[in-house]
Amino acid sequence: MDPRREPVRPGRAPERDEDVHMGSGTAYSTDVLVVGAGPIGLTAALELRRRGVACRVVDKLLEPPQYAKAVGVQARTLELWEKSGVLPAMLDAAVPMLGQQVYRNGDRVATLELRLPPDMSYAFMALPQYETERLLREALAGLGVVPERGVELVSFTQDDAGVTAELAGPDGPETVRARYLVGGDGAHSTVRKALGLSFEGGAFAEEYMLGDVEVDWSVPRGWSLRATTEDDGKVVDALVCIPLPGHKRYRMSMLVPPELSTAAPGANEIAHGFEAGRAPELHHIQAVLDRLAPEPTTARNLRWSSVFRISHRIAGAYSGGRAFIAGDAAHIHPPTGAQGMNTGIQDAVNLAWKLAAAVHGTAAPRLLDSYDAERRPVGEEVVGRTVKAARTGIQLDSADPFAAVRREAQLLVGYRGSPIVGPVDDALPAGAPQPGDRAPDARGLVRDIVQFPVRLFELLRAPGHTVLVYADSDATAAGIDDVVAATRAALGDDVHAYAVLADGVDAPDLQAPAVRDAAGAFREAYSTTDGTVLVVRPDGYVGHRGTVADVAGIVGYAALVATAAGSRVPVAG
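The opening residue of the sequence shown carries number 24 in my numbering; numbering runs sequentially from there.
Laid out in structure tokens, this is it:
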């Protein structure tokens, strides 16, 4: 019987013969053990399962938390959710974020509309974390994995072949042998502490309270609100309201009242997140609304509340041996601009495709090292920027009104200079996507059989690399199949390839699937010329940019990320 057809055991992916033993004779319980069933751990597991990797997800909490901790979802996260297939469900559950009304000392001082550049495929949206987690769990269950609740990582050891983890759960202690370990276990990460990684930074003295409530005011749907009382330029009272799905429901953030406050944390204390045992009541929230709301209103239907503190810290490294950390386990910072969960999701996506390659035996020797090299600088930038923004607000660039929007949407995150991307071409026009840059969308593509315009992102959903070859001449189009064959020989059989043809190009014998750049949107977005070749990584970033005449460049890029080509393990789903 094919073990891939066996029924799924609770909490575990279907096992394969190659998941149980490897050449050294070492037995494995699973490929990857993921610690933490929040958005980061769930994302890591989902991305691993999409690529045929067996994994287990454990979380020490008996039940999924039902709080709206992370609410804002950035455009880059939506792009990644499109690739993974969960986007439709997320959109169904969310509410758009259209802008913010700003009040100071009782007066409206600004109405900040979130105006988007025309090339953005997605706007900003709000979705409470408990809904994000629920939808990720459902998607993961469809691939055969259910998080194991009440199961705690006690300790782990490593050797050259894998990780041995000691777990404690409802059925008693358990020893798990995995090839790799991923810690998405939050600010107080057991994985980070066990690796002995530093976590430098500090804490804000202020305490805050959160409440998930309904109000009866006239603030339009989709608009957030910020109201402050200031004295000599210093904020002495504050109310921030973020819209949530539901009728006039908001997550409200306020300074904590004296009766709920505690002493400031010590210099070495990681005081980040919710504080147990102290939950504001409805009257605490109503008192702030009475002082700061732009109109008389009544709060009701309190769903959840908590007191919390904010720290800003970043780990000295994102990995140690075969163990990795992501999300709050690696970086914590103020919630300004809703960067935390979104940054952590990008951590998980970046790591997962590389771990999958390592599990399948197709990863170049230093591929996993690139996780720290690419993601830790991003974490440092986010921590520094959000700490500054917490004090001064998000700064707009008057010369480019869309710059702040792209930055906060995380569309400017990139990996130029990474050890696993090709070199930058200084001869390209400014703004042309270079190796390490996010691969942008392009609309208005035309495809045989399809009777409506196609977006480029629809072609980039596969779990592996995608090669795009642009041709605006018949001669170049005729050689595209050779380029595709060379790319697959270098990167492996799971490469997806498309010919992107300018209008009027004739390629009747082309074997690679083709789309026609009827409106020139692809040419404009990528600054292409006849024969441009783009290799897009599994996480949606340009890995290589060259020409059909430079097959050696493709081979050189492949050597950075892959071993000698061979058939890949079939992906799940």
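Each residue gets a CB set at the ideal place from its N, CA and C atoms; glycine is no exception.
Considering R127, what are the terminal residues of the beta strand (DSSP E) in which it resides? Run containing R127: 122-127, per the beta strand (DSSP E) assignment.
Identify every residue that forms a DSSP beta bridge with R172. DSSP lists D82 as partners of R172.
How big is the Cα-Cα spacing for G48 and A426? Note that G48 scores a pLDDT of 49, beneath 50, so its modelled location is shaky; the value from the coordinates is reported in the next line. Approximately 54 Å between the Cα atoms of the pair.
Presumed contact (8 Å Cβ cut-off) between D562 and A541, rounded CB distance: Wrong, their Cβ atoms sit about 28 Å apart, outside the cutoff.
Suppose the cutoff is 8 Å on Cβ atoms and the five residues either side in sequence are ignored; what does the same chain contact list for G219 look like? Listed in chain order, the non-local C-beta contacts of G219 below 8 Å within the same chain comprise G343, local neighbours out to five positions each way being set aside.
Have a look at S144 and R478 and give me their C-alpha separation to the nearest angstrom. One alpha carbon belongs to S144, the other to R478, and they sit about 10 Å apart.
Taking Cβ to Cβ, would you say P23 is nearer than 7 Å to G467? Within the shown structure, residues of the chain are numbered from 24 to 596, placing residue 23 beyond reach of any answer.
If you measure from the beta carbon of L163 to each beta carbon in chain B, is any gap under 7 Å? Absent from the structure: chain B. Only one protein chain is present.
To which residues of the same chain is E175 closer than 6 Å at the C-beta, ignoring the five residues directly before and after it? Correct list, in chain order: K83, A191.
Closest by C-alpha distance to S52, when choosing among Y126, L482, V199: Cα-wise, what sits closest to S52 is V199.
Taking one C-beta from the region 261-279 and one from the region 392-402 each time, how about it: are there three or more such pairs within less than 8 Å? At 8 Å Cβ cutoff, the stretches do not touch.
If contacts are defined as beta-carbon pairs under 8 Å, then S284 and E230 qualify, I think. What distance do you get, rounded to the angstrom? Confirmed, about 5 Å.
Cβ pair Q433, R99 closer than 7 Å: Closer than 7 Å, so yes.
So what's E547 in DSSP terms, helix, strand or just coil? If DSSP states are grouped into helix, strand and coil, E547 belongs with the helices.
Determine the burial state of P536: buried for a count of at least 16 other Cβ atoms within 10 Å of its Cβ, exposed for fewer. Around the beta carbon of P536, fewer than 16 other beta carbons sit within 10 angstroms, so the residue counts as exposed.
Mind checking V565: buried by the 16 CB within 10 Å criterion, or exposed? In summary, V565 is buried, with 16 or more beta-carbon neighbours lying within 10 Å of its beta-carbon over all protein chains present.
Taking the alpha carbon of A302 as the point to measure from, which residue in N365, M232, D239 has its own alpha carbon closest? When N365, M232, D239 are compared, the shortest CA-CA separation from A302 is found for M232.
To the nearest angstrom, report how far apart A68 and G402 are at their CA atoms. Whole-angstrom Cα-Cα distance: 21 Å.
Under 8 Å Cβ to Cβ from P452, same chain only, skipping five residues before and after it: list those, please. For P452, same chain residues with a beta-carbon under 8 Å away, outside a window of 5 residues either side, are S550 in chain order.
Compute the Euclidean distance between the alpha carbons of T510 and A162, then round it to the nearest angstrom. Cα to Cα, T510 sits roughly 31 Å from A162.
Ordered along the chain, which non-local residues of its own chain (more than five positions away) have a Cβ less than 7 Å from that of G367? Around G367: P62, I63, A349, G350, D351.
When the Cα atoms are used, what is the spatial distance from A210 to L533? Using only the alpha carbons, I get a separation of about 52 Å.
Any chance the region 123-136 sits against the region 301-318, with 3 or more Cβ pairs inside 8 Å? Taking 8 Å as the limit for Cβ pairs, the verdict is that the region 301-318 does touch the region 123-136.
Contained alpha helix (DSSP H) runs [length at least 4] in the region 294-341, N- to C-terminal order: The DSSP assignment places complete alpha helix (DSSP H) segments of no fewer than 4 residues inside the region 294-341 at 305-315, in order along the chain.
Residues in the same chain with beta-carbon distance under 8 Å from N373, minus the five sequence neighbours each way, listed in chain order, please. Spatial neighbours of N373 in its own chain (CB-CB distance under 8 Å, excluding positions within 5 residues in sequence) are listed in chain order as Y394, E397, R398, D562.
Taking the beta carbon of S247 as the centre, do at least 16 other beta carbons fall within 10 Å, making it buried, or is it exposed? With 16 or more Cβ atoms within 10 Å of its Cβ, S247 is classed as buried.
On the three-state DSSP scale, how would you describe G192? In the structure shown, G192 falls within a strand segment according to DSSP collapsed to helix, strand and coil.
How would you write the range of the beta strand (DSSP E) that I348 sits in, first residue to last? I348: member of the beta strand (DSSP E) spanning 346-348, first to last residue.
Inspect the CB distances between the region 482-501 and the region 554-561 and report whether three or more fall short of 8 Å. Output reads yes: the region 554-561 touches the region 482-501.
Just tell me which of A375, E197, V506, G579 has its CA closest to the CA of P442. Nearest C-alpha to P442 among A375, E197, V506, G579: G579.
Buried versus exposed, by CB contacts within 10 Å (16 or more), G46: Residue placement at G46 is poorly supported in this model, since its pLDDT is 38, which falls under 50; the coordinates still yield a value, given next. Under the 10 Å beta carbon count, G46 is surrounded by fewer than 16 other beta carbons and is classified as exposed.
Report the partner residues of A525 according to the DSSP bridge assignment. DSSP links A525 through a beta bridge to D540.
Between the region 104-124 and the region 236-253, can you find at least three pairs of beta-carbon atoms closer than 8 Å? In this structure the region 236-253 touches the region 104-124; the number of beta carbon pairs closer than 8 Å is three or more.
Starting from E223, follow the beta strand (DSSP E) in both directions and report where the run begins and ends. Bounds of the beta strand (DSSP E) holding E223 are 222-237.
Environment of L435 [buried if 16+ CB atoms lie within 10 Å]: When all chains shown are included, L435 counts as exposed.
With distance defined between alpha-carbon atoms, name the residue in V238, D208, L312, F222 nearest to T251. T251 has its Cα closest to that of L312, out of V238, D208, L312, F222.
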